[in-house]
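Number 127 in numbering that gives the first Met the number 0 belongs to position 128 of the sequence shown; there are no gaps in the numbering.
The beta carbon of each residue, even a glycine, is placed where N, CA and C say it ideally should be.
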Amino acid sequence: MAGERLEFAVSRSGSLLSFDRSVLDRAEACALWQQAEVDGAVLDRMPNCRIIARCGTGFDRIDLSEAGRRGIPVCNVPDYGTCEVADHAMAMALALIRGLNVYDRNIRAERIQGWNYALAPLVSRTRKRLFAVVGLGRIGTAVARRAKAFDYDVAFFDPYVCDGMDIALGIERVNSLEALAERADILSIHTPLRQETHHLVGADLMARMKASAIIVNTARGPCLDVDTALDFLANGRIGGLALDVLEAEPPQSASTMARALVSDDPRLRDRLLVSPHAAFYSPDARFEMRARAIETILAYLADGSLRNCVNREFLVGGVQ
C-alpha cells in the first residue's frame, strides 16, 4: 500500500529506542502498537517526527501534551475493532450466564458426572435483567445494541455523551455511575484509560453492586481494580468476572490474578473467565488497524489532512 511512498524501519521490541540513532534521526512518522511508550525522552531522539499514529484505539502510553507542545499530532484508529470487541464482551457475559465455561470443563474432566446442568452457578435468563454499559462510545454503543437483541433492559452512564442518545438507541440513561452499579446485573466497561477512569470500578462501587452481578472488562485493565474485584468474587460479594484486559499482562506469577487462575475455589474457578487481551482480534481487524494508521500518516505527510487526532487541544501553533 505504501511501499513506494514510505521507507519502513520495523522493530518488534516494543520500544522506539531499540532503533539505531540514525533511524530515529530521520524518522518523519511512527506507527505504534500499544506496548510502545512515547515521552519527551523518546521525542528528543526523533527531531524530524511530524506525526504519531497508534495502530489501535488506546493512547495512554503516549504523552499527548508533550507531543502537542512540539507540534506533533497523535492519531489513533478508533473504529478498526468495534464489532470484535462488542462481540467479545457479549460472548464473555453470555458464556458466564449460560455456564458454558463450567459445562465444558466438567464434561471434559468427567464424562458421566460432568453431564449435569446444575453445576453452573451463574445461569440466568436475560429478559428483564439490566445490562449496564459504562462508556457509550463506539464500542459501548455496539454492545448496547447487542444486549438489546438478547432481551436485556439496557442502561448506560457516560457524562460526555450528548442528550438524546438514549432516545436514539431506545435505552436508559442513568446520571450517576453509583446508581447504575446498584441496579446492574451485568456491568460492562467501555471507557478509555485516563486519570479519571483509573480504577473507575473500585471497592466503593463494587460494594454497591448486587452479590449476583457480573463485571465485564474489555476496555483497559486499570479501569477496574482487579485485585479488589477478585477479593469481592472470592467472598461472594459479586457474582462473576469476565476479563479480557488486566492491569499487568500477562499476569506475573506472584500476582493475585495468577493465583486466582489456578485456584480450586469454586467461586473463582467457576465464576472467573479470562481471555488474553484478544477482544480486538480478527484477521480483518488486524489488517485494518495497520492499514488505517498508515493511511493517516500518508494523508498528513502528503497534504496536511488529519483525522482522528487525539491531542488537538495540546498542539502548539496549530497542526503543521
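Hey, is the region 205 to 214 in contact with the region 227 to 239, meaning 3+ C-beta pairs nearer than 8 Å? The answer is yes - the region 227 to 239 touches the region 205 to 214, with three or more Cβ pairs under 8 Å.
Identify which residue in D43, D230, V160 and T295 has its Cα closest to the Cα of D264. Within the sequence shown, the letter at position 265 stands for residue 264. The shortest Cα separation from D264 among D43, D230, V160 and T295 belongs to D230.
Under a Cβ-count criterion, where at least 16 other Cβ atoms within 10 Å of its own Cβ denotes burial, should F18 be classed as buried or exposed? If you number the sequence shown from 1, residue 18 lands on position 19. Buried, since its Cβ has 16 or more Cβ neighbours within 10 Å.
Residues bridged to C308 [DSSP beta-bridge criterion]: For the purposes of this step, residue 308 is taken as the residue at position 309 of the sequence shown. Answer is C74.
Classify Q319 as helix, strand or coil using the three-state DSSP reduction. By 1-based counting over the sequence shown, the position of residue 319 is 320. Low confidence applies here, because Q319 scores a pLDDT of 48, under 50, leaving its location unreliable and the question unanswered by this model.
For Q319 and P46, I'd like the C-alpha separation in whole angstroms. Working through the sequence shown from its first residue, we reach residue 319 at position 320. Working through the sequence shown from its first residue, we reach residue 46 at position 47. Residue placement at Q319 cannot be trusted, given a pLDDT of 48 that sits under 50; what the coordinates show is reported in the next sentence. Going by the C-alpha atoms only, they are around 14 Å apart.
How would you label D252, buried or exposed, when you count the other beta carbons within 10 angstroms and need 16 or more for buried? By one-based count along the sequence shown, residue 252 stands at place 253. The identity of residue 252 in the sequence shown is Ser, whereas the question assumes Asp. Classification for S252: exposed.
Is the beta carbon of F130 closer than 9 Å to that of S187? Position 188 of the sequence shown holds residue 187. Position 131 of the sequence shown holds residue 130. Yes.
Do you know how far the Cα of E171 is from the Cα of G201? Position 202 of the sequence shown, counted from the start, is the residue given in the question as residue 201. Position 172 of the sequence shown, counted from the start, is the residue given in the question as residue 171. For G201 and E171, the distance between alpha carbons rounds to 23 Å.
Figure out for me which residue from P275, L42 and A241 has the closest Cα to the Cα of R20. Mapped onto the sequence shown, residue 20 falls at position 21. Taking only the C-alpha atoms, the option nearest R20 is L42.
When DSSP labels each residue in this structure, what does I61 get in the three-state scheme? For the purposes of this step, residue 61 is identified with residue 62 of the sequence shown, where counting begins at 1. Of the three classes helix, strand and coil, the one that applies to I61 here is strand, per DSSP.
DSSP on V215, reduced to helix/strand/coil? Position 216 of the sequence shown, counted from the first residue, corresponds to residue 215. Of the three classes helix, strand and coil, the one that applies to V215 here is strand, per DSSP.
If distances are taken between C-alpha atoms only, which option among D86, A85 and P120 comes closest to Y102? Here residue 102 is taken as the residue at index 103 of the sequence shown, counted from 1. Ranked by how close their Cα comes to the Cα of Y102, the residues D86, A85 and P120 have P120 in first place.
Compare the C-alpha of D78 against each of A298, A290, L314 and V315 and name the closest. Here the question's residue 78 lines up with position 79 in the sequence shown. Looking at the Cα atoms, A290 is the closest of the given residues.
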